[in-house]
Each structure stands twice: as C-alpha cells, then as structure tokens.
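Undergrad: For the sequence shown, the residue numbers in this note's numbering are 184 to 760.
I'd like to ask you about the structure that follows.
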Amino acid sequence: MNDACDAPKRNESDDGNGYGLLASAVAGREIDIQWHAQSNVSSYTDNHCIYLPVADRAEKLVFHVLAQALLIRGRSLERRLARGLIGRKSVRSRYLFLEVVRNARAFAHILPRAFSAHEAITGFAHDPDSRQDSLRIARGEKVYAIPATPPFFGTILPLKVLRTPHVEGAGSDSAQTRLEGNFRIRPVDELAEDDEGEDSKLLRMFSNPLFGGGWLLKILNDILQMGTSGKIGARNDSAGGADMPASQVLTHEKKSAFALQSGVIGRFNTTHKRGMPAYTMSYPEWDCAKGMYREHWAFVQEANPGSDEQDDQIHHPLRSPSALLIRNLSNIGVSHEIHHGRPDGDEFDLNRLLDYHIHRKLRGSPKIDFYTTRLKTRRDLAVMILLDISSSTAESGGQGRSIHQRQVQIAHQLMMALHCLGDQVALFAFHSWGRKRVRLYRIKEFSESLVGPVEERIRHLSPSGYTRMGTALRHGYTKLERETGLAFRVLVFVTDGFAYDQDYEGQYGEADTRAALEEARLRGTGCLCLTVGSDQDTAKLKEIFGPSATLHVSSEKQVISHIRTAFLSALAQSTRC
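What follows is the structure, given as structure tokens:
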C-alpha cells in the first residue's frame, strides 16, 4: 500500500479561513477541513472531512473545497460506488470530472458564480442523468469525449471512503441495508488506490485468504517468490492478516474497517432475532419524549393473505385502471436513453455512418439515419404501495362502502396501472398487534407478474388489528431500496391516517410516523400519503405526515385527477441526486 492510502493524521484542522463553513454550506451538513502532508496527492474527501494538501496552504483553495463538497452533496461517493473505483485510476478520474460537473449544474443556485460558470463546468456538452450514468460513461459504456480533469477538482481515494465510519446527513450513504443478520463481513486484502489490477488473477486467487495457508500456496510462494499479497516479488512482512483462514473471514467484530452495517442512516438493523420466527425483522422506533431511537424495538413478519386470521372479504369486482389514470402516470419517473438510427440527433452512430458511406460508394441512395439522440423514454420508477388494513378502516367511507373497500380499489388500480406502464411495483397490506407483531401481507412482490394469485390474495384481506405506521413504513422503504435500486423510488402509503397500537398513540405514534417518512426521504425515496374517504382532519393529517406529499380525497375520481401532481411532489421532496 502506498503512502496515499495511509490514514492521515488529523492533528491539523481548518485554520479559520472559512473553508469549513463553505464546505458545510455546499455539502448540506457539517464538514471538517483537515490538512494532509502526503506527496503527490491533491484534495480529497472521505465523506466526513475534506483533506487539503498542506503544501498548498498558502494558495487559495476555495475551488478545491467546492468541488469536494459537491461530491458529498451529490452522494457521489456512496460505498457501493466507491468499491467499483478501486484499482481503476482512469475510470476514477473520468468519474470525478463527470460528477463534479453534474453536481455543479444541479446545485448552481448555491455555488459562487465564478465556480458554476467556470469553463471546466460549462464547456462539457453532455449532462449525466445520475451517479450511475456518470459511472457508465466513465467506464466507456457510453462513448463521450471527456476532457482532462482540472487540478482544482482534486482526486478520489475510494479506500479512504470505505475506511471511514458511516456518517449521517444529506450526503449519507444509503447502501448499507444490503445485508441482513448480525455478523459483519471483513473483505479480503483490497487493492491499493492506484493498483490497476494487472497482476495475474490466478496468483491472486491462490493468495486469497479463503485458501488459508495450505501446501499449494507455500509451493507457489517458493517457486514464484510472491508474498501473501499475490504479487511476484512481494514481501511477506506486514501482510495485515491476509493469510487468515476462511473461518476467520466471517467475524462478529464491530470495528471492521469495511464492515457492512445494515440500517437506516446508521441507526438500526433489519436483523433476525432469537426466539422469533425466521422471517422476523427488527426495526427501531423514535421516542419523541427521550429524543432518541429505541433500537430493535418493533418486529415485522411477512405472510401471505389467508395464512392466518384473514378471511375472504372482497366480494365486489376489482376494477381495472382507467386510461386516464395510466396516462397521468405515464411520464413520471422517466430517464434518458439513447436512440439509434435517427435522421437527426446529438451525435453520429459510427456503425450506421460507415454503412452510409459504403452504400454511397456503391452508388446507392442510402437512408440518412446515422444519428443518435437521447430521449426521455426509459421507465426508471419503482413503487411500493403499503395498504393499511387495520380495524379502523372497516368504518363507512361513504357511497355505501367501507374505507377498507375503497382503499383496496385504489391500491389495486395504482398497482395495475404502474405494472401496465412497465414500472417495478409491489403491493403489501399491513396491520399490527403490538410492537412484536407487525404483520405485512404479500399481495404482489416486485419480481411477480400479475398472472399469479394477486387478485386472490386481495380478496382474502379484511380489516383487523391496529396501525403501527412507522414500522410498516421502515420495512416498506427498506424493501423498495434493496430490491429495486432504481433512480426514482416512491412509497405510496394508503391509510385512514390513524396511528394507534399498544403504547403507540397520540404524539408518540405521530412522531414516529414522521420520523420514518423523513428517513425514507433522506434515503432518496419519495413518500406519498394517500387517504380516501377518511374522516381524519386534514390539518391532523398534515401534522402526522409532516412535509411528505399528501393526497386527501373523498372519491376515486379525485385520486385519478390529482395523482400525477402528488407523485411529482413526492419525488421532488426526496433527496435523490
């Protein structure tokens, strides 16, 4: 490992030149400024601090600070993205350029004009849609001419990011709920920052800790003079435990540098608990009186409708979505994609251009279709619909039907419409019987088609139990993020607006519901709270749901008329970048 990968000494912080205040304002949360003495290393960030070269301390480094703060604000260095940059120096440089440019354009309203109008920002003709799009371009999956990265953009050191404890805030990492269970995984001997990975894969395979210190490895070491690092001529000292046997790779250590810690903003785990069924997952709960989370407090169980107390209740037919509903949802959550064979466009399609010239040489009359253009046609939306089936929804909702029956119709039509448009959609119903039994019923998983027993499951639903809203919301947005990973995510919460359960009422339940909705928004998931025919006061609903998008209507027709605006509001309020 070279010096650039060694942890910096944090004994020199911001010297009062205002860099820390500037970085915090741009990043959207408190950021420290540290000075490093590493040679040939420019400014960089670990998502917690921004490190500036002490050799340039006398220089004006405002642009350096702005560029690195934008990476934090735009969540450009999420751990799952940082892992893909290790050992890929050229990809890292291109990704850095694209992300600084993308974020500078997205947040130009909070940046000094001298920075946002800089030639390096405005001179690049293309505009990446997202972090993932920037990474695809940097990898060469999309062919663009990317200029050299300006020095004031700094650099990216992915190992620094991975070694830094998870932090909260506008730029917090949302990829830490990938792993269920209480164990931690310590990865095996990562590459250095600038290791381009040219060494033999065979040598690295035999030097992998999963092979232990067996006789085959010892023979290869003697023949090839390689150490446990997997490189020919490498020394065996300072191996850092790389020859640890496989039984020690999976550990219960809580301080592993690369530990994958599942949870919402670092606060909770979706873990299986002893003494509970294997499918039980635990979540925290916000205690507004104490101003803190109760860890592993509420427990969620998934089940199929009809597997327990649910009875066949829906006797009237489930209507298909109207054409107007489908049309109102049709252009929501759409991303750009490249279309080939166009008569005009942004760039040349080289293959078609070559065919055109060949046909011209053969004295033909080829069709002019050698352009490519980017159009917003790719569906990039995932929706989780959570349906409240607590006993309070059994009350009359007008028009001779209960609130439950009307909510089921709306949830079913939304699910059908989104599925027809090609979006990833799931529908779950929920109720609770205390904090240890929050039950979610599968109506449709993201991976299921409508050909399955979806309608039969809906007919088994009946109102019963109570409403522990916060726990259901946390489970819903966790599944939405983990199982889809799309750029646009919306959690639709269909409820009568009454949060009530054992020790979960009044201000306590309302505060936990607001906290769960805020957590979802901070993780990039938009929230839409939908009530149909509920007699809950509108002002009270605003108090319960906070700033989340709300749609309080008395009929299904009003839902169809306002659903587009409500979805767009939900997406706008999320922190997706």
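Heads up, the beta-carbon is just placed ideally off N, CA and C, and yes, glycines get one too.
Bear in mind the structure is a predicted one, so any value in this text is a computation, not a measurement.
Based on Cα-Cα distance, which residue from 642, 620 and 617 lies nearest to residue 626?
TA: Per the C-alpha coordinates, the member of 642, 620 and 617 positioned closest to residue 626 is 642.
Undergrad: Is the distance from the Cβ of residue 523 to the Cβ of residue 532 below 8 Å?
TA: yes
Undergrad: From residue 749 to residue 732, what does the alpha carbon distance come to, in whole angstroms?
TA: Those two C-alpha atoms are separated by around 6 Å.
Undergrad: Let me know if residue 343 comes out buried or exposed under the rule of 16 or more other beta-carbons within 10 Å of its beta-carbon.
TA: Per the 10 Å Cβ criterion, buried.
Undergrad: When you compare only the Cα positions, how much space is there between residue 589 and residue 569?
TA: 14 Å
Undergrad: On the criterion of 16 or more Cβ atoms from any shown chain inside 10 Å, does residue 464 qualify as buried, or is it exposed?
TA: buried
Undergrad: What's the gap between the Cα of residue 745 and the Cα of residue 734?
TA: 8 Å
Undergrad: Thinking just about the alpha-carbon of each residue, which of 277, 247 and 670 is nearest to the one in residue 326?
TA: Of 277, 247 and 670, the residue nearest in Cα terms is 277.
Undergrad: Would residue 610 and residue 488 be called neighbours here (beta carbons separated by less than 8 Å)?
TA: no
Undergrad: Between the C-alpha atoms of residue 202 and residue 248, what's the straight-line distance to the nearest angstrom?
TA: 7 Å
Undergrad: If residue 310 sits next to residue 288, beta carbons under 8 Å apart, how far is it from one beta carbon to the other, in whole angstroms?
TA: 7 Å
Undergrad: Which residue from 241, 594, 544 and 651 puts its Cα closest to that of residue 615?
TA: 651
Undergrad: Would you kindly report the start and end of the unbroken beta strand (DSSP E) that includes residue 608?
TA: 607-615
Undergrad: What are the residues that DSSP puts in a beta bridge with residue 469?
TA: 476
Undergrad: Using a Cβ-Cβ cut-off of 6 Å (strictly less than) and excluding sequence neighbours within five positions of residue 511, which residues of its own chain qualify?
TA: Contacts found: 746 and 747.
Undergrad: Near residue 304, which residues of its chain fall below 6 Å by C-beta distance, leaving aside the five closest residues on each side in sequence?
TA: 284 and 287
Undergrad: Okay, do the region 541-555 and the region 701-709 touch, 3+ Cβ pairs below 8 Å being the bar?
TA: no
Undergrad: Taking the alpha-carbon positions, what's the residue 321 to residue 268 distance?
TA: 10 Å
Undergrad: Considering only C-alpha positions, which residue in the set 567, 631, 604 and 585 is nearest to residue 612?
TA: 567
Undergrad: With distances taken Cα to Cα, identify the nearest neighbour of residue 723 among 554, 696 and 738.
TA: 696
Undergrad: Find the nearest neighbour of residue 265 within the set 243, 340 and 603, judged by alpha-carbon distance.
TA: 340
Undergrad: Contact criterion: CB-CB distance below 8 Å. Does residue 691 meet it with respect to chain D?
TA: Included in the structure is just one protein chain, with no chain D present.
Undergrad: Would you grab the beta carbon distance between residue 706 and residue 666 for me? Rounded to a whole angstrom, and I think it's under 8 Å.
TA: That pair is no contact at about 14 Å.
Undergrad: Quickly, what does DSSP pair residue 624 with across the bridge? List them, please.
TA: Bridge partners of residue 624: 486 and 612.
Undergrad: Enumerate, from N- to C-terminal direction, the unbroken alpha helix (DSSP H) stretches of 4 or more residues contained entirely within the region 683-749.
TA: 689-705 and 721-728
Undergrad: Identify the continuous alpha helix (DSSP H) that holds residue 541 and give its terminal residues.
TA: 533-544
Undergrad: When DSSP labels each residue in this structure, what does residue 566 get in the three-state scheme?
TA: strand
Undergrad: Tell me the rounded alpha-carbon separation between residue 638 and residue 646.
TA: Approximately 17 Å between the Cα atoms of the pair.
Undergrad: By Cβ distance below 6 Å, which residues in the same chain neighbour residue 755 in space, the five residues on each side in sequence not counted?
TA: none
Undergrad: Would residue 575 be called buried (16 or more neighbouring beta carbons within 10 Å of its own) or exposed?
TA: Burial of residue 575 is indicated by the presence of at least 16 other C-beta atoms within 10 angstroms of its C-beta.
Undergrad: For residue 634, count neighbouring C-beta atoms within 10 Å of its own C-beta (all shown protein chains included) and say buried if the count is 16 or more, exposed if not.
TA: exposed
Undergrad: Quick check: residue 280 and residue 332, are their CB atoms within less than 8 Å of each other?
TA: yes
Undergrad: For my contact list, residue 710 and residue 753 are in at a C-beta cut-off of 8 Å; report their separation, rounded to the angstrom.
TA: Correct: roughly 6 Å between the Cβ atoms.
Undergrad: Can you tell me whether DSSP reads residue 327 as helix, strand or coil?
TA: coil
Undergrad: How about residue 223 and residue 255: do their beta carbons lie closer than 8 Å?
TA: The answer is no: Cβ separation not under 8 Å.
Undergrad: Less than 8 Å between the C-beta atoms of residue 571 and residue 677, yes or no?
TA: yes
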